[in-house]
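2 protein chains.
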Amino acid sequence: MGEEEEVLNIPSDLLSVSAAAQVTGISAHTLRYYERAGLLQTPRTATGQRRYGPAELLAVEFISRLRATGMPIRVIKTYADAVRAGSGREHGLPLLLAHREQLIRDLAQRQAHLEAINSKITAYRDCAPTTKERS
Amino acid sequence: MGEEEEVLNIPSDLLSVSAAAQVTGISAHTLRYYERAGLLQTPRTATGQRRYGPAELLAVEFISRLRATGMPIRVIKTYADAVRAGSGREHGLPLLLAHREQLIRDLAQRQAHLEAINSKITAYRDCAPTTKERS
DNA sequence: TGTTGACTTAGAGCGCACTCACAGTTGGAG
DNA sequence: CTCCAACTGTGAGTGCGCTCTAAGTCAACA
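Set out below in structure tokens:
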């Protein structure tokens, strides 16, 4: 909750893991962790170093959106597996559709929470500074 | 993320911890945990059992809204301490104001994530079923 | 009055998502 | 060629928010 950059500026060349971390805002540790967890599969150099191209960076960006909206790692893995297996439309899409519904409900709830917090703030503004307080 | 009840129906009599759990949707274990953590302070019977009145139930409801919008336990504790100390307006209100700003930013981000997910879904709909996939 | 189920506290355990530490390998500037 | 910084995998550690366990106390009905 709360970053600072807004949009990913994706370069056309291949990036090392730390460069990809800079670009995506996901730490190098976490990028490797995602790969270990099966969310991601990064091409390697001849000696085994990861190289992130535009496609991988976009994948990282999408994964981080799923994470930021509360999708658990294991569900993202299921999605990623489906996409890699070429059955994204059959098995991946339903996960996205379900997640979208969840997210929409979640947004509505958070809106309601925001309004309740606003009410509380207003209550503080309205009551006299020396009045005894509740909850 | 994702409950089922919408609004709290608060009774006027005093409730035991498990009855309060029923009403608030927060487990009895968690209610006790909140109290141990200092978020809550429930009146007791002569023999030490908790009794939740309307004020306590409303407090639980508000706490669960703060939790559901990502406020950490320790910050809620700071808020609760301020309110109990009678300095809610001076020390509690700023926490709520900061949290509201955070929440508003968070909502905007989640909206953006939703739109990105929608785009991805649309991409699945638009591309032919047998087309090779990406990311 | 006896028994059963709900209550009490304190502490341990769990699941998740990182995050770090370690030991060893590699790439590139000087 | 040397050397240092950055890379590698694996496993352990961390922080958070619950969630459960254990041992004991209490309420209330037959």
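Protein sequence lines correspond, in order, to chains A and B. Read left to right, the first sequence gives residues 354 to 488 (the numbering used here). Read left to right, the second sequence gives residues 354 to 488 (the numbering used here). Ideal Cβ positions, reconstructed from N, Cα and C, are used throughout, including at glycine. Just so it is clear, the structure is predicted and the values come from calculations on it, not from any experiment.
Boundaries for residue 366 of chain A: no alpha helix (DSSP H) harbours it, and the DSSP string shows neither H nor E there. With contacts defined by Cβ atoms closer than 8 Å, residue 448 of chain A and residue 405 of chain A do not form a contacting pair.
For residue 373 of chain B, no CB of chain A lies under 8 Å from its own CB, so it is not counted at the interface with that chain.
Counted as a single uninterrupted DSSP element, the stretch harbouring residue 405 of chain A is not any alpha helix (DSSP H), since DSSP gives it neither H nor E. In summary, residue 422 of chain A is buried, with 16 or more beta-carbon neighbours lying within 10 Å of its beta-carbon over all protein chains present.
At a cut-off of 8 Å between beta-carbon atoms, residue 473 of chain A makes contact with chain B. Taking a beta-carbon distance threshold of 8 Å, residue 421 of chain B counts as an interface residue toward chain A. Taking a C-beta distance under 8 Å as the contact criterion, residue 411 of chain B and residue 463 of chain A do not qualify as a contact pair.
Between the beta-carbon of residue 414 of chain A and that of residue 377 of chain A there is about 6 Å, and that keeps the pair under the 8 Å contact cut. Taking the C-beta atoms as reference points, residue 391 of chain A is found nearer than 8 Å to residue 434 of chain A. Burial of residue 409 of chain A is indicated by the presence of at least 16 other C-beta atoms within 10 angstroms of its C-beta.
Shortest Cα-Cα distance from residue 402 of chain A to any of A:417, A:384 and A:480 involves A:384. Beta-carbon to beta-carbon, residue 382 of chain A and residue 418 of chain B are separated by about 33 Å, too far to satisfy the 8 Å threshold.
For the segment 454-467 of chain A, the residues whose beta carbon sits under 9 Å from a beta carbon of chain B are, in order, 455, 456, 457, 458, 459, 460, 462, 463, 464, 465, 466 and 467. Looking at the backbone, the Cα of residue 364 of chain B and that of residue 370 of chain B are separated by about 14 Å. Counting the other CB atoms within 10 Å of its CB gives residue 393 of chain B a total of 16 or more, which places it among the buried residues. Within chain A, 474 have C-beta atoms less than 9 Å from the C-beta of residue 450 of chain B, given in sequence order. Nearest CB-CB separation between residue 477 of chain B and chain A: below the 8 Å threshold. For residue 385 of chain A, the enclosing alpha helix (DSSP H) starts and ends at 381-389. Annotated as distal: residue 387 of chain A and residue 446 of chain B, with beta-carbon spacing of 8 Å or more. Residue 450 of chain B: member of the alpha helix (DSSP H) spanning 446-479, first to last residue. Looking at the DSSP output, residue 442 of chain B shares a beta bridge with no other residue.
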